[in-house]
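Note that the sequence shown covers residues 1 to 318 in my numbering.
Each residue gets a CB set at the ideal place from its N, CA and C atoms; glycine is no exception.
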Amino acid sequence: MATSTSRNGTRTQASSRNGGDGSPSRGDRDAGRNGAGYDSPSGLQGLIERRRKGWKIGEPDHEFFGRQRHFWNFVNDHYFRMEIGGWHRLPDGPCMLVGVHASSVVPMEAWSFVQEWWRHFGRERILHGTTHDALFVLPGIGDYFRRLGVIPASPESISAAFAAGHDAIVWPGGELDAFRAWTKRDHVVLGGRVGFVRQAITSGVPIVPVAATGGSDTVIVLSEGRRLARVLGLKKLLRAEVLPITFGLPLGFLQSVLPAIPMPAKLRLEILDPIEVDHDPERAGDKRYVKTKFRQVERRLQQGVDELAKRRSFPIFG
Numbered sequence: 001m002a003t004s005t006s007r008n009g010t011r012t013q014a015s016s017r018n019g020g021d022g023s024p025s026r027g028d029r030d031a032g033r034n035g036a037g038y039d040s041p042s043g044l045q046g047l048i049e050r051r052r053k054g055w056k057i058g059e060p061d062h063e064f065f066g067r068q069r070h071f072w073n074f075v076n077d078h079y080f081r082m083e084i085g086g087w088h089r090l091p092d093g094p095c096m097l098v099g100v101h102a103s104s105v106v107p108m109e110a111w112s113f114v115q116e117w118w119r120h121f122g123r124e125r126i127l128h129g130t131t132h133d134a135l136f137v138l139p140g141i142g143d144y145f146r147r148l149g150v151i152p153a154s155p156e157s158i159s160a161a162f163a164a165g166h167d168a169i170v171w172p173g174g175e176l177d178a179f180r181a182w183t184k185r186d187h188v189v190l191g192g193r194v195g196f197v198r199q200a201i202t203s204g205v206p207i208v209p210v211a212a213t214g215g216s217d218t219v220i221v222l223s224e225g226r227r228l229a230r231v232l233g234l235k236k237l238l239r240a241e242v243l244p245i246t247f248g249l250p251l252g253f254l255q256s257v258l259p260a261i262p263m264p265a266k267l268r269l270e271i272l273d274p275i276e277v278d279h280d281p282e283r284a285g286d287k288r289y290v291k292t293k294f295r296q297v298e299r300r301l302q303q304g305v306d307e308l309a310k311r312r313s314f315p316i317f318g
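#1: Would DSSP call R312 helix, strand or coil?
#2: Mind checking who R268 pairs with in its DSSP beta bridge?
#3: Roughly how many angstroms lie between the CA atoms of H88 and I275, to the nearest whole one?
#4: Less than 7 Å between C-beta atoms, sequence neighbours within five positions excluded: which residues of the same chain meet that for L400?
#5: Please name the residue in L190, P91, A164 and I207 whose C-alpha comes closest to that of A178.
#6: Cβ of W55 within 7 Å of Cβ of P172?
#7: Are the beta-carbon atoms of R268 and T183 separated by less than 7 Å?
#8: CB-CB under 8 Å to M96, same chain, minus the five flanking residues each way: which ones, in chain order?
#9: Quick one, are the C-beta atoms of I271 and V210 less than 7 Å apart?
#10: Would you tell me roughly how many angstroms separate the C-alpha atoms of V327 and V231, rounded to the nearest one?
#11: Say whether the stretch 123-133 touches the stretch 64-75, bearing in mind that this needs 3 or more beta-carbon pairs closer than 8 Å, one atom from each stretch.
#12: Roughly how many angstroms separate the alpha carbons of P244 and A102, rounded to a whole number?
#13: If you run the structure through DSSP and keep just helix, strand and coil, what is P152?
#14: Could you give the distance in angstroms between the alpha-carbon of F294 and the alpha-carbon of N76?
#15: Counting C-beta neighbours from all protein chains within 10 Å, is the total for E156 16 or more, i.e. buried, or is it exposed?
#16: Does DSSP put M263 in a helix, a strand or coil?
#17: Should E109 be labelled buried (16 or more other beta-carbon atoms within 10 Å of its own) or exposed?
#18: For D167, list the residues DSSP reports as bridge partners.
#19: Could you check where the beta strand (DSSP E) with I220 kicks off and where it finishes?
#20: Report the three-state DSSP secondary structure of L249 (helix, strand or coil).
#21: Just curious, the beta strand (DSSP E) that G99 is in, first and last residue?
#22: State the Cα-Cα distance for the pair S313 and P281, rounded to the nearest angstrom.
#23: Residue range of the alpha helix (DSSP H) that T202 falls in?
#24: Would the beta-carbon of I57 fall within 7 Å of that of A181?
#25: Does at least one heavy atom of the ligand ATP sit under 6 Å from the Cβ of V98?
#26: From F317, R300 and V194, pick the residue whose C-alpha is nearest to that of K287; which is it?
#27: In three-state terms, what does DSSP make of S23?
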């Protein structure tokens, strides 16, 4: 078992055993701070595994953030009319923020939140966004993510972020959340993925839910395409269970893999009260405890989304 000191002097733990879904194994930690140190499978999945090793834990490129600030300030303040509440609820030490996001392949709640975090804290408090391996390894977009401090949504990279005293935000629902149908826009979809709870236990950090609304109005998901995804074997190939049909600008009806310009919906986010977890790494293997904490996070997120949804001025975009 290894311990590390967080930003406020508290100590976090990392277990040396394999914690299963969402918790780091000894091999994960031996990969160190740059993601190297294990063999990758062959084929497309192997290519993704090899290219995603390029992550590192450190400060993001603050000058890069600064050069973009006028653009993102305009987008968040005027295009999306973004509101974020609850900054005061953040604990002093590192935490795992857990959010929901929509808006198809370009989840604007996620992009905008990372930018607003830097705007709020600057160099004072480092947040690592996380992303699917397939996006992290893409030329151009992957390089952009790295400069913003984004890391793959993997146990080894998130463990390293917490060990460095940084915060990390995850979206456990992944593509199930991002591509949920517009008719489910106010439903919290985490897909039963409990790995983030195990990760929080193993790393010894609290979970901070972040509720969000508005993303589903930036790109309208008409059909989730679950059957098509099964036929194409996307779960095995890309860990994706959906292949939606969407409506967005400028081309109208699109397959979800094609980019669209987000429509000017109002984004509302609320940082909710932290949820403490047991810091004994052995509890990461307690399925009942993990499931109980997962449901607590899920309920709190749904309550937060319900409250934000009540603030809409119009059925869509408002």
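In terms of the structure at hand:
#1: Within the sequence shown, the letter at position 312 stands for residue 312. Reduced to three states, the DSSP call for R312 is coil.
#2: Start at 1 with the first residue of the sequence shown, and residue 268 comes out as number 268. In DSSP, R268 forms a bridge with E83 and T213.
#3: If you number the sequence shown from 1, residue 88 lands on position 88. If you number the sequence shown from 1, residue 275 lands on position 275. Distance between the alpha carbons of H88 and I275: 15 Å.
#4: The structure shown does not extend to residue 400, since the chain is modelled only from 1 to 318, so the question has no answer here.
#5: Within the sequence shown, the letter at position 178 stands for residue 178. For the residues L190, P91, A164 and I207, the minimum Cα distance to A178 belongs to L190.
#6: Counted from its first residue, the sequence shown places residue 55 at position 55. Counted from its first residue, the sequence shown places residue 172 at position 172. Cβ atoms of W55 and P172: not closer than 7 Å.
#7: Working through the sequence shown from its first residue, we reach residue 268 at position 268. Working through the sequence shown from its first residue, we reach residue 183 at position 183. No; because the gap between Cβ atoms is not below 7 Å, this pair is not in contact.
#8: The residue labelled residue 96 in the question sits at position 96 within the sequence shown. The residues are I158, F162, D167, A168, I169, V170, F196, Q199, A200, S203, V205, P206, I207 and V208.
#9: In the sequence shown, the residue the question calls residue 271 occupies position 271. In the sequence shown, the residue the question calls residue 210 occupies position 210. In this structure, V210 lies closer than 7 Å to I271 by Cβ.
#10: Nothing can be reported for residue 327, as the shown portion of the chain is limited to 1 through 318.
#11: no
#12: Here residue 244 is taken as the residue at index 244 of the sequence shown, counted from 1. Here residue 102 is taken as the residue at index 102 of the sequence shown, counted from 1. Taking the straight line from one Cα to the other gives about 12 Å.
#13: Position 152 of the sequence shown, counted from the first residue, corresponds to residue 152. In this structure, P152 counts as strand in the three-state DSSP scheme.
#14: For the purposes of this step, residue 294 is taken as residue 294 along the sequence shown, with counting starting at 1. For the purposes of this step, residue 76 is taken as residue 76 along the sequence shown, with counting starting at 1. Roughly 31 Å separates the two Cα atoms.
#15: For the purposes of this step, residue 156 is taken as residue 156 along the sequence shown, with counting starting at 1. The residue in question, E156, is buried, as its Cβ has 16 or more Cβ neighbours within 10 Å.
#16: Counted from its first residue, the sequence shown places residue 263 at position 263. Note: M263 maps to coil in three-state DSSP.
#17: As a first step, residue 109 is located in the sequence shown; it is residue number 109 there, counting from the start. By the neighbour-count rule (16 or more Cβ atoms within 10 Å), E109 is buried.
#18: Here residue 167 refers to the residue found at position 167 of the sequence shown. For D167, which the question treats as bridged, DSSP gives the partners L127.
#19: Position 220 of the sequence shown, counting from 1, holds the residue named residue 220. Here the beta strand (DSSP E) through I220 covers I220 to S223.
#20: Here residue 249 corresponds to residue number 249 of the sequence shown, with the count starting at 1. If DSSP states are grouped into helix, strand and coil, L249 belongs with the strands.
#21: Sequence index remark: in the sequence shown, residue 99 carries index 99 (1-based). M96 to G99 is the span of the beta strand (DSSP E), which, as asked, contains G99.
#22: By one-based count along the sequence shown, residue 313 stands at place 313. By one-based count along the sequence shown, residue 281 stands at place 281. For S313 and P281, the distance between alpha carbons rounds to 45 Å.
#23: For the purposes of this step, residue 202 is identified with residue 202 of the sequence shown, where counting begins at 1. Its alpha helix (DSSP H) spans residues G195 to S203.
#24: Along the sequence shown, read from residue 1 onward, the residue named residue 57 stands at position 57. Along the sequence shown, read from residue 1 onward, the residue named residue 181 stands at position 181. In this structure, A181 does not lie closer than 7 Å to I57 by Cβ.
#25: The ligand ATP is absent from the structure shown, which contains no ligands of any kind.
#26: Position 287 of the sequence shown, counted from the first residue, corresponds to residue 287. If we check each option's Cα against that of K287, V194 comes out closest.
#27: For the purposes of this step, residue 23 is taken as the residue at position 23 of the sequence shown. Reliability fails at S23, whose pLDDT of 42 lies under 50, so the model's placement of it is uncertain and the value that follows must be treated cautiously. S23 falls in the coil class under three-state DSSP.
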